[in-house]
Amino acid sequence: MMIFVGLFSAYFHMTLSFVGQMLDELSILWVLAVGYSVWFPRRLFPSFIKDRSTFSSLVLVVTAITTVSSFVKPTANAYALNCFGLHLLYVLAAEMKCCNDQKVLRLAKLSVALWVLAITCWISDRFGCSFWQRLNFCYLHGIWHILIVMAVAYASTLVAYLDANYEIPYSLPGLQYWPCDKWAVGLPHIVLKGTPKTQKRC
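FYI, the numbering for the sequence shown is 22 to 223, going by the numbering used here.
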């Protein structure tokens with residue numbers, strides 16, 4: 022799905038059309054919805070929800086309503102999407118309170134740092150565009166895209182790891198970095214050190 026976000030974002034930035042904007046923003050919304058449905062920690066479900074399929078149905082309904090309402094006030098879409106980041110920060114903070122794995126904590130800190138840098142670039146570009154134009158520096162929006170893709174890559178690996186740790190702990194999930202596990206920054210991925218016979222409970 023991230024490929025579609027990239028394609029639609031490229032289409033929007035090439036055409037600057039309303040259709041491109043909707044495709045760009047709605048693809049991001051639906052990627053977030055899928056992420057919530059699949060990886061949101063079961064222990065943080067609302068009390069009236071007992072299983073993941075019910076939670077996923079609720080997310081689907083909310084996402085469908087949001088999709089329709091996004092056509093009413095398109096200028097609010099970007100702000101609404103960025104508000105998801107605040108909720109994800111809250112969830113991440115709650116998860117990290119009970120974590121003592123240094124690799125996981127490092128990945129969480131890198132994800133948050135990249136997100137903060139990306140949001141700073143986005144806000145600065147959004148509200149200080151004329152200032153940056155006077156300095157002949159018109160690259161903040163491009164930097165935002167690079168940083169947010171990196172933040173999403175780190176955060177999605179982190180969330181997938183946490184999900185595996187809760188749902189299939191017997192597989193002994195762990196984090197590693199490519200190309201070198203000892204580097205401070207690299208491409209994170211999950212390794213399963215236990216039995217390959219894993220099946221997630223829904």
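Ideal placement from N, C-alpha and C gives every residue a C-beta, glycine not left out.
For Tyr160, there is no enclosing alpha helix (DSSP H), since its DSSP letter is neither H nor E. Judged by DSSP secondary structure, Ile144 falls outside any beta strand (DSSP E) and instead within the alpha helix (DSSP H) spanning 123-148. Leu128 sits close to Tyr175, with the two beta carbons spaced by under 8 Å. The C-beta separation of Tyr198 from Leu213 comes to about 16 Å, leaving the pair out of contact by the 8 Å criterion. The Cβ atoms of Val52 and Val26 sit closer than 8 Å to each other. Sorting Arg73, Tyr160, Ser192 by C-alpha distance to the C-alpha of Val55 places Arg73 at the top. Counting C-beta atoms within 10 angstroms of its own C-beta, Ser132 has 16 or more neighbours from the protein chains shown and is therefore classed as buried. By the CB criterion at 8 Å, Trp136 and Gly106 fall inside the cutoff.
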